[in-house]
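Colleague:
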Amino acid sequence: MRPFLQLTLKEARQALGTALVFTGILLAALLYLISRLGIWPTGLVALFISLLMGFVPFWALWRTYYSLRQEWTGDHMYLLLSLPVPGWYITGSKLIVALLEMLLYTALLSGAALVVFFAGGGDLYVPSSLISEPVFIATTLRVALLSLAVLFIGMIVVQFSHLASRLVSRFRGPLMIALVLVSTWVVTRGAGLLAPILSWLPEVPVHSIEFHDDFVSVATVYLGIAPLAGALIVSLGLFWLGSYLLERDVEL
9 MRPFLQLTLK
19 EARQALGTAL
29 VFTGILLAAL
39 LYLISRLGIW
49 PTGLVALFIS
59 LLMGFVPFWA
69 LWRTYYSLRQ
79 EWTGDHMYLL
89 LSLPVPGWYI
99 TGSKLIVALL
109 EMLLYTALLS
119 GAALVVFFAG
129 GGDLYVPSSL
139 ISEPVFIATT
149 LRVALLSLAV
159 LFIGMIVVQF
169 SHLASRLVSR
179 FRGPLMIALV
189 LVSTWVVTRG
199 AGLLAPILSW
209 LPEVPVHSIE
219 FHDDFVSVAT
229 VYLGIAPLAG
239 ALIVSLGLFW
249 LGSYLLERDV
259 EL
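Take the position in the sequence shown, starting the count at 1, then add 8; the result is the number in the numbering used here.
(1) CA-CA distance, Ile205 and Leu87?
(2) Closest to Thr147 by CA distance: which of Val194, Val226, Leu103, Trp208 is it?
(3) Rounded to whole angstroms, how far is the Cβ of Gly82 from the Cβ of Glu255, which I believe are closer than 8 Å?
(4) Are Met163 and Leu103 closer than 8 Å when you measure CB to CB?
(5) Are the CB atoms of Val143 and His215 within a distance shorter than 8 Å?
(6) Is it a yes or a no for the region 193–204 touching the region 237–254, going by three-plus beta-carbon pairs under 8 Å?
(7) Exposed or buried, which one is Arg21 when buried takes at least 16 other CB atoms within 10 Å?
(8) Compute the distance between the beta-carbons of Gln275 and Thr99, then report whether it is under 8 Å.
(9) Could you check the C-alpha separation between Ile47 and Ala127 for me, to the nearest Å?
(10) With contact counted as at least three CB pairs below 8 Å, one residue from each stretch, are the region 105–122 and the region 22–41 in contact?
(11) Quick one: grab the DSSP three-state call for Trp208.
(12) Which value, in whole angstroms, describes the spacing of the CA atoms of Pro210 and Trp80?
(13) With which residues is Ala152 paired in a DSSP beta bridge?
(14) Quickly, what does DSSP pair Thr228 with across the bridge? List them, please.
(15) Classify Arg71 as buried or exposed, calling it buried when 16 or more other Cβ atoms lie within 10 Å of its own Cβ.
(16) Please classify Leu13: does DSSP put it in a helix, a strand, or coil?
(17) Judging by CA-CA distance, which residue of Leu183, Leu91, Pro65 is the nearest neighbour of Phe12?
(18) I'd like to check one pair, Val165 with Ser243: are the Cβ atoms closer than 8 Å?
(19) Going by alpha carbons, who is nearest to Leu24 out of Val105, Gly232, Phe160?
(20) According to DSSP, simplified to helix, strand and coil, what is Leu87?
(21) Who are the Cβ neighbours of Ser251 in its own chain at under 6 Å, not counting the five residues just before and after it?
(22) With a threshold of 8 Å on Cβ separation, who are the neighbours of Met110 within its own chain once the five nearest residues in sequence on each side are excluded?
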């Protein structure tokens, strides 16, 4: 596994410059928004932070695509493919670094959101004691893991589509878009077919917390994860296929 770790570190160093710049911009934007608390309506500050949070998954998908593309545009792919390592070392290291970068941005945005909800006041005020409640912690972790799984599937779809589009020398852009659509259909269709087989998987409880004038109510919803598990299995198949194409058949 040492070559895999070395490739991951190499990918992290390659992404570090862009990550630092983006982190600086994001921090400046969040500090400015937090400084507006008490001046702007709390809901408006929360809205802007939510918009930034919504941008992060698209950034992760873009990084998944761009991290491979820059290897070809910089003529580095020849060197990578000459290394005595399987293709999944290359594709896996790029996915891990893109995920870590996305988690960094998500942590910054989540911290800013907590400041708004716990210190912003107004209709969005949430008691700070809630952060230590087991229900809040458990629900936050479960939602985060489920969201991460969905994003991971999307990143694999983008990576596979880009690698498969390299099989031809022309019209790679339109082909990649078509492959993203087809791959998404394959993943969702496969998830539906595998869901009954995986129905033995336990449901995940997610709690909804509502604040009233003199009491707090908690409602629990149970989410079946069999379709998501099926989608993960199919996407891992796409990951293997994309890694195989990179190792064997892609156009340099």
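Ideal placement from N, C-alpha and C gives every residue a C-beta, glycine not left out.
On a predicted model such as this, the values are computed, not experimentally measured, just so you know.
Modeller: So, from the listed chains and residues:
(1) Within the sequence shown, the letter at position 197 stands for residue 205. Within the sequence shown, the letter at position 79 stands for residue 87. Their backbone Cα atoms lie some 43 Å apart in a straight line.
(2) Translated into positions along the sequence shown, residue 147 becomes position 139. Per the Cα distances, Val226.
(3) Working through the sequence shown from its first residue, we reach residue 82 at position 74. Working through the sequence shown from its first residue, we reach residue 255 at position 247. With a beta-carbon spacing of about 20 Å, Gly82 and Glu255 fall beyond the 8 Å limit used to define contacts.
(4) Locating residue 163 in the sequence shown gives position 155, where the first residue counts as 1. Locating residue 103 in the sequence shown gives position 95, where the first residue counts as 1. Taking 8 Å as the Cβ cut-off, Met163 and Leu103 qualify as a contacting pair.
(5) Here the question's residue 215 lines up with position 207 in the sequence shown. Here the question's residue 143 lines up with position 135 in the sequence shown. Yes, they are a contact pair.
(6) yes
(7) For the purposes of this step, residue 21 is taken as residue 13 along the sequence shown, with counting starting at 1. Counting Cβ neighbours within 10 Å, Arg21 comes out exposed, since fewer than 16 surround it.
(8) With the chain covering 9 to 260 only, the question about residue 275 has no answer from this structure.
(9) Here residue 47 refers to the residue found at position 39 when the sequence shown is read from its first residue. Here residue 127 refers to the residue found at position 119 when the sequence shown is read from its first residue. Those two C-alpha atoms are separated by around 13 Å.
(10) yes
(11) For the purposes of this step, residue 208 is taken as residue 200 along the sequence shown, with counting starting at 1. Looking at Trp208 - three-state DSSP - the assignment turns out to be coil, as it is neither helix nor strand.
(12) Within the sequence shown, residue 210 is the residue found at index 202, counting from 1. Within the sequence shown, residue 80 is the residue found at index 72, counting from 1. When rounded, the distance between both Cα atoms is 43 Å.
(13) Along the sequence shown, one-based indexing puts residue 152 at 144. DSSP lists no partner for Ala152.
(14) Counted from its first residue, the sequence shown places residue 228 at position 220. Looking at the DSSP assignment, Thr228 forms a beta bridge with His215.
(15) The sequence position of residue 71 within the sequence shown is 63, counting from 1. Its Cβ being crowded by 16 or more others within 10 Å, Arg71 is buried.
(16) Position 5 of the sequence shown, counting from 1, holds the residue named residue 13. Note: Leu13 maps to helix in three-state DSSP.
(17) In the sequence shown, counting from the first residue as 1, residue 12 sits at position 4. Nearest option by C-alpha distance: Leu91.
(18) Working through the sequence shown from its first residue, we reach residue 243 at position 235. Working through the sequence shown from its first residue, we reach residue 165 at position 157. A contact, by the Cβ cut-off of 8 Å.
(19) On the sequence shown, position 16 is the one that residue 24 refers to. Of Val105, Gly232, Phe160, the residue nearest in Cα terms is Val105.
(20) Translated into positions along the sequence shown, residue 87 becomes position 79. Here Leu87 sits in helix by DSSP.
(21) Taking the sequence shown and counting its residues from 1, the one referred to as residue 251 is at position 243. Only Gly95, Trp96, Thr99 meet the Cβ criterion.
(22) For this step, residue 110 is matched to residue 102 along the sequence shown. Only Val64, Pro65, Trp67, Ala68, Arg71, Leu159 meet the Cβ criterion.
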